[in-house]
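J.:
Residue numbers (the numbering used here): 1238 to 1923.
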């Protein structure tokens, strides 16, 4: 706000001061002058600071006129005309000539000159002179003279004052180096010298009113060619001010007429010189920018071409090479000096050269193309003689009417190899018996091979783009979430068996192998999953396990059979022992020689009884064996004298032992005399 108020105050003071100075040179009427700088001041202010400052222009114009003529009503009308002049000019220039940037392009500078001189100035002159005539302050007979003076003064003010104010306000710094500063001083000295010669009355040339105004043109051209619109506009304004001073003294080429006519001629000349200089300066600056842009573009192109990984080759209409970049040597093996001036067919296999020459000649003659110009694959020939596969894109332009062709050549040998490998891998994936599915880190399916279609029932177009949970049962969703989380962390997922869901809703047991998919930078972009149906494998494993179990049971049965055979053999032997005892003692009784009631007979009978009981025990043991097999074996432990049991068993075998001259003996370890055992089972064992 403070800066805005300061700008308004500065505009008011400048407008009022310039207005009072201009009206002091009013000759045709008190309110009409050929020197009216306020028009340029107001126009520049509205272009730079904005049209919202129009009330300041209105106030300044009113103060200038009311303090000059003393007629408030007419002064107000003139002030309205001056304000409309500034508003109309600024609005039109803003719309059609880029506003404050009107001096960047020649076309905009011309529009500025036309709009500044012939838009608002016509309104101001018409409103002002008509107001004076209606108020009786000017005669209608002098209307045309007053109007022309008013309009020309305003137009000259707009063309001479507005450009330097706009340009120096938007570009306040000089930006000169020492050479330019020295040249600017030389230009200023030349301006002063020209003023002294033409307008200052220092020489006979200025006092004789010779038409030497053309001497200003070389100075303006100098400024336009060596500097720019900003310096030209300032030079034109200084030239106008100096010329006004000389002309008012009756000196120079315009000082020989009446004061008003002299000033009108001078202002017309100054405006023409200023506009011509501005147009020339803008044109030169525009061309300079264009040349600079062109140089930058050429330099960028040169850098891009020399640093490009693709080979760039330029040829003329005769297929002669006119330019190659550094990549050509890397691709074809030739140095630039080996190719320049040579025919492009040097880089082609022999079988393509005649066709290239004929096609190029026909295109130059008729414009008919025989192959695409963008991304065509062709064989190239290396310096060492081997062929390479390249991709070529062509372009064409005209230089002084002659055809110039540019080709961008890219070695696609590695790409072709990669495409072949990719095709090979794709065929492997499609022919795989295992389902192979790729997915992103958010679980979106990106590939789905034929085996996946067969395993899960979904076609590729049904699965691709869908979530992988399409085939995950509800009770396994947590499992899939854990897998995706591991993949996002870049962790390896171990092989595991799980369950997946088919399209028909049935569940299938699968073995999953998940591999990370990385891009060229090594970042994880997704995963590839191999799913194998393990239902048959599980069935075979179950059958194999059952076979192993049956084999073990068979071995156990055979072992039991062998044990039974051994047991029966042993049992036959054990039965024979007590039976032999019975038979032996019975033979002794039958042999005679002893009394029936003798103690010896009693002993024999006791042994026969004992052996019979032993036989009964073995028969019970056989029954116990059946009980073992039927899992009904029972034990009846009781307190036993181990020595007595051993003596009893030894007595049963005493007769057989005596026949074979065997002495039986037995002993009991200390502490084992009294034990708690089943006597029947113990005797069976012993």
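Glycine included, every Cβ here is placed at the ideal spot set by N, Cα and C.
For residue 1487, which three-state DSSP category applies?
T.: coil
J.: Using the three-state DSSP reduction, which class does residue 1649 fall into: helix, strand or coil?
T.: In the three-state scheme derived from DSSP, where H, G and I count as helix and E and B as strand, residue 1649 is classed as coil.
J.: Closer than 7 Å to a non-hydrogen atom of the ligand MG - does that hold for the CB of residue 1478?
T.: Absent from the structure shown: the ligand MG. Ligands present: none.
J.: Just the C-alpha distance for residue 1344 and residue 1334, rounded to the nearest angstrom, thanks.
T.: 8 Å
J.: Alpha carbon to alpha carbon, how far is residue 1757 from residue 1939? Give it in angstroms, no decimals.
T.: Any question about residue 1939 goes unanswered here, given that the chain covers just 1238 to 1923.
J.: Please return the same chain residues whose Cβ sits closer than 7 Å to the Cβ of residue 1469, not counting the five positions on each side in sequence.
T.: Short of 7 Å from the beta carbon of residue 1469, and not among the five residues preceding or following it, lie these beta carbons of its own chain, in chain order: 1457, 1460, 1461, 1514, 1515 and 1518.
J.: Enumerate in chain order the residues of its own chain whose CB-to-CB distance from residue 1570 is below 8 Å, with the five nearest sequence positions on each side excluded.
T.: 1619, 1620 and 1621
J.: Taking the C-alpha atoms as reference points, what is the distance between residue 1286 and residue 1244?
T.: Cα-Cα distance, rounded: 8 Å.
J.: Determine the direct distance from the alpha carbon of residue 1240 to that of residue 1308, and round the result to whole angstroms.
T.: 34 Å
J.: Mind checking if residue 1387 is an interface residue toward chain C, Cβ cutoff 8 Å exclusive?
T.: The chain labelled as chain C is not found in the depicted structure, where only one protein chain is given.
J.: Does the Cβ of residue 1252 have 16 or more other Cβ atoms within 10 Å, making it buried, or fewer, making it exposed?
T.: Around the beta carbon of residue 1252, a 10 Å sphere encloses 16 or more other beta carbons of the protein chains shown; the residue is thus reported as buried.
J.: Where do the N-terminal and C-terminal ends of the beta strand (DSSP E) with residue 1632 fall, by residue?
T.: 1624-1636
J.: Within its chain, find whatever has a CB closer than 8 Å to the CB of residue 1677; leave out the 5 residues flanking it on each side and keep chain order.
T.: Excluding positions up to five away in sequence, the list reads 1683, 1762 and 1763.
J.: Using 10 angstroms around the beta-carbon of residue 1900, count the other beta-carbons present and answer buried if the total reaches 16, otherwise exposed.
T.: exposed
J.: Report the three-state DSSP secondary structure of residue 1192 (helix, strand or coil).
T.: This structure cannot speak to residue 1192, because the chain is shown only from 1238 to 1923.
J.: Let me confirm a value: residue 1465 is counted as buried when at least 16 other C-beta atoms fall within 10 Å, else exposed. Which label applies?
T.: buried
J.: Between the region 1523-1533 and the region 1571-1587, do at least 3 Cβ pairs fall closer than 8 Å?
T.: no
J.: With a CB to CB cut of under 6 Å and the five nearest residues on each side skipped, what residues in its chain are close to residue 1357?
T.: 1322, 1325 and 1326
J.: Which full runs of the alpha helix (DSSP H) of 4+ residues lie inside the region 1694-1753, going along the chain?
T.: 1697-1700 and 1714-1725
J.: Quick one: grab the DSSP three-state call for residue 1765.
T.: strand
J.: Taking the C-alpha atoms as reference points, what is the distance between residue 1422 and residue 1361?
T.: 39 Å
J.: Run through DSSP, which three-state label would residue 1382 get?
T.: Reduced to three states, the DSSP call for residue 1382 is helix.
J.: If we count the other Cβ atoms within 10 Å of its Cβ and call it buried at 16 or more, is residue 1443 buried or exposed?
T.: Note on residue 1443: pLDDT 49, under 50, position unreliable in the model; no value is reported.
J.: If distances are taken between C-alpha atoms only, which option among 1511, 1708, 1375 and 1454 comes closest to residue 1746?
T.: 1708
J.: Tell me whether residue 1264 sits in a helix, a strand or coil according to DSSP, three-state version.
T.: coil
J.: Quick one: what's got a C-beta closer than 6 Å to residue 1998's C-beta in the same chain, skipping five residues either side?
T.: No information on residue 1998 is available, as it lies outside the stretch 1238 to 1923 that the chain covers here.
J.: Quickly, what does DSSP pair residue 1924 with across the bridge? List them, please.
T.: This structure does not reach residue 1924, given that the chain is present from 1238 up to 1923, and the question cannot be answered.
J.: Using three-state DSSP, classify residue 1397 as helix, strand or coil.
T.: helix
J.: For residue 1263, tell me which candidate among 1577, 1495, 1903 and 1902 has the shortest Cα-Cα distance.
T.: That would be 1495, whose Cα lies nearest to the Cα of residue 1263.
J.: Alpha carbon to alpha carbon, what distance is there between residue 1275 and residue 1295?
T.: Note on geometry: alpha-carbon atoms of residue 1295 and residue 1275 lie some 11 Å from one another.
J.: Is it buried or exposed for residue 1391, if we count other Cβ within 10 angstroms and need 16 for buried?
T.: buried
J.: Using 8 Å as the threshold, is the C-beta distance between residue 1503 and residue 1484 below it?
T.: Cβ distance < 8 Å, so residue 1503 and residue 1484 count as in contact.
J.: Who does residue 1639 pair with in a DSSP beta bridge?
T.: 1636
J.: Less than 8 Å between the beta carbons of residue 1552 and residue 1558, yes or no?
T.: With a cutoff of 8 Å on beta-carbon distance, residue 1552 and residue 1558 are scored as near each other.
J.: Skipping 5 residues on each side, what residues in its chain have a beta carbon closer than 6 Å to that of residue 1596?
T.: If we look at residue 1596 and ignore the five residues flanking it on each side, its Cβ neighbours are 1607.
J.: Nearest-angstrom Cα distance between residue 1776 and residue 1689?
T.: Each residue's alpha carbon lies about 22 Å from the other.
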